[in-house]
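So the sequences go chain by chain: A and B. In terms of this note's numbering, the first sequence has 123 at position 123, counting the first letter as 1, and numbering is strictly consecutive. So the number in this note's numbering is just where the residue sits in the second sequence, counting from 1, plus 505.
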Amino acid sequence: MDLFDEEPAKGNAPEFTVSELTGSVKKALEGAFGRVRVRGEVGRVVRAKSGHLYYDIKDERNVIACNTWKGQVTGLGVLPEEGLEVIVTGKLSTFGPQSKYNINVDSIEVAGAGALMAMLEKRKKALAAEGLFAPERKKELPYLPEIIGVVTSPSGAVIRDILHRLRDRFPRKVLVWPVAVQGANCAPEVARAIEGFNALTPGGALPRPDLLIVARGGGSIEDLWGFNEEVVARAAAASDIPLISAVGHETDTTLIDFVSDQRAPTPTAAAELAVPVRMELLAWADQQGARLTHALTSGVQRRGQRLADVARALPQPEALTSVPQQRFDLASGRLDHALQRAVAQKRLKLADAPLRPAMLTRVVAQERRRVVELSARSGPALERQAMRARDRLERIQVRAPDVTQAKTRLEHASQRLSSIARSKQAERAKRLEALDRLRETLGYRETLKRGYAVVRGDGDLVTTQAAAKSAKSLEIEFADGRLTVGGSKLPAKKRAGDGDQGSLF
Amino acid sequence: MSDVNVDELSFEDAMRELESVVGQLERGDVALDDSIALYERGAALKARCEAKLKEAEEKVAKITLDGSGQPVGTAPLDE
Chain A
1 MDLFDEEPAK
11 GNAPEFTVSE
21 LTGSVKKALE
31 GAFGRVRVRG
41 EVGRVVRAKS
51 GHLYYDIKDE
61 RNVIACNTWK
71 GQVTGLGVLP
81 EEGLEVIVTG
91 KLSTFGPQSK
101 YNINVDSIEV
111 AGAGALMAML
121 EKRKKALAAE
131 GLFAPERKKE
141 LPYLPEIIGV
151 VTSPSGAVIR
161 DILHRLRDRF
171 PRKVLVWPVA
181 VQGANCAPEV
191 ARAIEGFNAL
201 TPGGALPRPD
211 LLIVARGGGS
221 IEDLWGFNEE
231 VVARAAAASD
241 IPLISAVGHE
251 TDTTLIDFVS
261 DQRAPTPTAA
271 AELAVPVRME
281 LLAWADQQGA
291 RLTHALTSGV
301 QRRGQRLADV
311 ARALPQPEAL
321 TSVPQQRFDL
331 ASGRLDHALQ
341 RAVAQKRLKL
351 ADAPLRPAML
361 TRVVAQERRR
371 VVELSARSGP
381 ALERQAMRAR
391 DRLERIQVRA
401 PDVTQAKTRL
411 EHASQRLSSI
421 ARSKQAERAK
431 RLEALDRLRE
441 TLGYRETLKR
451 GYAVVRGDGD
461 LVTTQAAAKS
471 AKSLEIEFAD
481 GRLTVGGSKL
491 PAKKRAGDGD
501 QGSLF
Chain B
506 MSDVNVDELS
516 FEDAMRELES
526 VVGQLERGDV
536 ALDDSIALYE
546 RGAALKARCE
556 AKLKEAEEKV
566 AKITLDGSGQ
576 PVGTAPLDE
């Protein structure tokens with residue numbers, strides 16, 4: 001300490017290395033202050049990858065750096081959060097490499113409920129703005145859950161209270177997911193438990209509950225602070241399983257209460273919300289059964305009564321049916337007879353009917369013959385008709401308008417024809433005479449006149465002596481007639497020779 | 506009246522339907538044949554409700570977690 005008093009003694013001042021002085025400062029600082037409690041507002045917070053926390057606390061004018069090593073974080077109580085008014089407790093120390101001093105904080109308390117509530121309000125506003133508190137998000141609790149998942153500490157009064165009340169009302173299957181219910185681990189563990197229950201499969205080895213209770217007993221606001229953490233609120237909001245929150249006492253309200261589907265003031269109350277009272281339900285079921293039976297029997301009785309009443313008002317059935325019965329009897333008595341008679345009549349008519357198959361065949365045969373005849377006659381008749389028609393046509397043609405004219409022409413023509421014919425005839429007659437004369441001159445009869453004769457033997461012309469010899473008789477034709485000569489061969493021969501050859505010689 | 510098989514109904518649904526069946530029968534405006542069918546349905550619903558009420562078994566277990574916080578099984582809860 002003298003050192004600083006003698007200001008000018010520069011030359012005699014001992015010389016330090018940086019590290020020597022740093023070490024001295026550290027020692028002096030730690031010795032002079034030791035553990036300190038400092039109140040301030042948390043500034044920027046950095047969580048390093050190593051898990052250590054670095055943050056500042058500040059007031060209007062100054063800032064002190066704080067750190068919390070990874071191992072100390074769980075014991076911290078409240079995690080530093082920017083803007084939060086806190087009282088940190090720790091050891092003042094230095095950080096030589098940067099010429100800094102800081103507090104190694106091992107405990108943080110929120111500086112008064114007011115500060116905490118202010119922060120809670122801020123979070124509430126943010127989540128409300130997201131719609132996480134909206135009434136339409138709230139799910140209805142199952143009337144009688146099969147399995148109840150409870151997120152709480154496995155030891156302590158809370159789980160006992162819940163189980164006790166469940167046992168009283170309606171014993172159920174309960175799965176407890178153990179979590180820390182205060183301290184820095186509280187929020188992450190609770191959030192994880194809610195998510196974990198939702199991730200289970202219904203009916204699996206670890207069956208998924210159909211109702212969740214997140215519970216914690218009473219405590220200071222700092223104790224309950226984990227249930228004010230955003231991560232817990234978000235997990236509760238995201239839960240598909242209906243969720244009852246029961247944190248602290250009736251007067252304590254945590255953030256999870258705003259997002260849960262139902263808020264119970266206490267864990268016991270949560271059990272009451274969770275299940276109905278079994279005995280009451282059994283009584284109810286009995287009552288329903290009784291009402292059911294009564295309703296049916298009274299319904300039947302009422303109907304029976306009405307039936308009896310109505311039946312009394314009903315007339316005697318015989319009275320209703322007697323007249324129709326009589327008519328029926330009458331009709332049915334006549335029915336048999338009428339039927340028989342009708343059949344008999346029909347049979348008679350049928351017997352009289354002249355219709356027989358043989359008759360039909362006969363008629364058909366006759367008709368067929370007629371058809372054949374008619375068809376045979378139809379050809380010639382048609383021809384005759386055609387001929388007659390043709391004649392009539394010709395007559396009609398002749399009777400054309402120029403018939404008279406044609407007739408005169410015809411007369412002229414026939415006159416001319418006859419005159420021509422006459423002249424031609426005369427001419428031809430002359431020529432015929434001439435030709436006849438010529439013929440006569442050329443014919444053998446003219447020759448006969450000149451002394452020749454024609455010899456015929458047995459009718460044939462005999463021109464040789466041999467032929468004349470063989471002929472039985474000879475006929476000689478002269479100009480004035482014929483002479484038959486004998487039957488001997490000789491005269492015949494002579495005559496023959498006379499006839500033919502004689503004329504030659 | 507629902508056609509759903511009574512054995513598939515939850516307690517709450519069976520309860521609700523039973524109340525409705527009782528109400529209908531008590532009003533007495535159901536035809537006789539229907540009321541008998543309704544009664545049978547109601548009796549089945551009541552049996553269903555009672556069966557669910559009898560399944561009142563307490564079974565408590567604590568979930569055991571591995572090192573990473575994953576659920577691995579259950580253990581009895583030491584109260």
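For each residue, glycine too, the CB sits at the ideal point set by N, CA and C.
Taking V158 of chain A as the centre and dropping the five residues before and after it, the same chain places the C-beta of T152, A215, G217, P267 closer than 6 Å to its C-beta, in chain order.
Contacts with chain B (Cβ-Cβ distance below 8 Å) from the segment 116-143 of chain A involve P142, Y143, listed in chain order. Contact note: G533 of chain B reaches chain A through G299, R302, using a C-beta cutoff of 7 Å and chain order. Listed along chain A, the residues sitting closer than 7 Å to G547 of chain B by beta-carbon distance are L292. In the three-state scheme derived from DSSP, where H, G and I count as helix and E and B as strand, V63 of chain A is classed as strand. Taking the C-beta atoms as reference points, L543 of chain B is found nearer than 8 Å to L530 of chain B. Between the segment 75-83 of chain A and the segment 125-144 of chain A, the count of Cβ pairs shorter than 8 Å is below three; the stretches do not touch. Judged by pairs of C-beta atoms under 8 Å, the segment 141-149 of chain A touches the segment 173-185 of chain A, as three or more such pairs exist.
If you ignore the 5 residues before and after Y444 of chain A, its C-beta comes within less than 7 Å of the C-beta of V454, all in its own chain and listed in chain order.
For G217 of chain A, no Cβ of chain B is located within less than 8 Å of the residue's own Cβ. With respect to chain A, the C-beta atom of V509 of chain B has no partner C-beta closer than 8 Å. Residue range 278-313 is occupied by the alpha helix (DSSP H) that includes L292 of chain A. Pairwise C-beta distances place the segment 193-208 of chain A out of contact with the segment 154-168 of chain A, as fewer than three of them are shorter than 8 Å. Going by beta carbons, L29 of chain A and Y101 of chain A fall inside the 8 Å limit.
Between V36 of chain A and G96 of chain A, the C-beta spacing is not below 8 Å. If you check the CB distance, D458 of chain A and S473 of chain A come in under 8 Å. In the three-state DSSP reduction, K49 of chain A falls in the coil class, being neither helix nor strand. Unbroken beta strand (DSSP E) stretches of 3 residues or longer found wholly inside the segment 410-497 of chain A: 454-457, 474-478, 481-485, given in chain order. Just so you know, the alpha carbons of A466 of chain A and L432 of chain A end up roughly 41 Å apart. With respect to V259 of chain A, L224 of chain A sits apart: the two C-beta atoms are not nearer than 8 Å. Put simply, of A:G114, A:G451, A:R450, A:L132 the residue whose alpha carbon is nearest the alpha carbon of V231 of chain A is A:L132.
For D56 of chain A, same chain residues with a beta-carbon under 8 Å away, outside a window of 5 residues either side, are V42, G43, R44, V63, I64, A65, C66 in chain order. Neighbourhood of A556 of chain B in chain A, by CB distance below 8 Å: empty, with the nearest CB roughly 10 Å away. The beta-carbon of S525 of chain B is placed no less than 8 Å from the nearest beta-carbon of chain A. Residues of the segment 168-183 of chain A with a C-beta atom less than 8 Å from some C-beta of chain B are F170, P171, R172, K173, V174, L175, V176, W177, P178, listed in chain order. Boundaries of the beta strand (DSSP E) harbouring N102 of chain A: 100-110, taken from the DSSP string.
Contact between the segment 521-536 of chain B and the segment 559-568 of chain B is absent: fewer than 3 CB-CB pairs across the two stretches fall below 8 Å. It is roughly 10 Å from the alpha-carbon of R312 of chain A to the alpha-carbon of R306 of chain A. Bounds of the beta strand (DSSP E) holding I87 of chain A are 85-95.
Among the CB atoms of chain B, one or more fall inside 8 Å of the CB of P154 of chain A.
G289 of chain A is classed as buried because its beta carbon has at least 16 other beta carbons within 10 Å across all chains shown. Scanning chain B for C-beta atoms nearer than 8 Å to the C-beta of R306 of chain A yields nothing, as the closest lies near 11 Å away. Around Q316 of chain A, no beta-carbon contact reaches into chain B at under 7 Å, the shortest distance being about 26 Å. For E545 of chain B, same chain residues with a beta-carbon under 6 Å away, outside a window of 5 residues either side, do not exist.
Using a CB distance cut-off of 8 Å, A246 of chain A does not count as an interface residue toward chain B. Ranked by how close their Cα comes to the Cα of R302 of chain A, the residues B:D534, B:I568, B:P576, B:D518 have B:D534 in first place.
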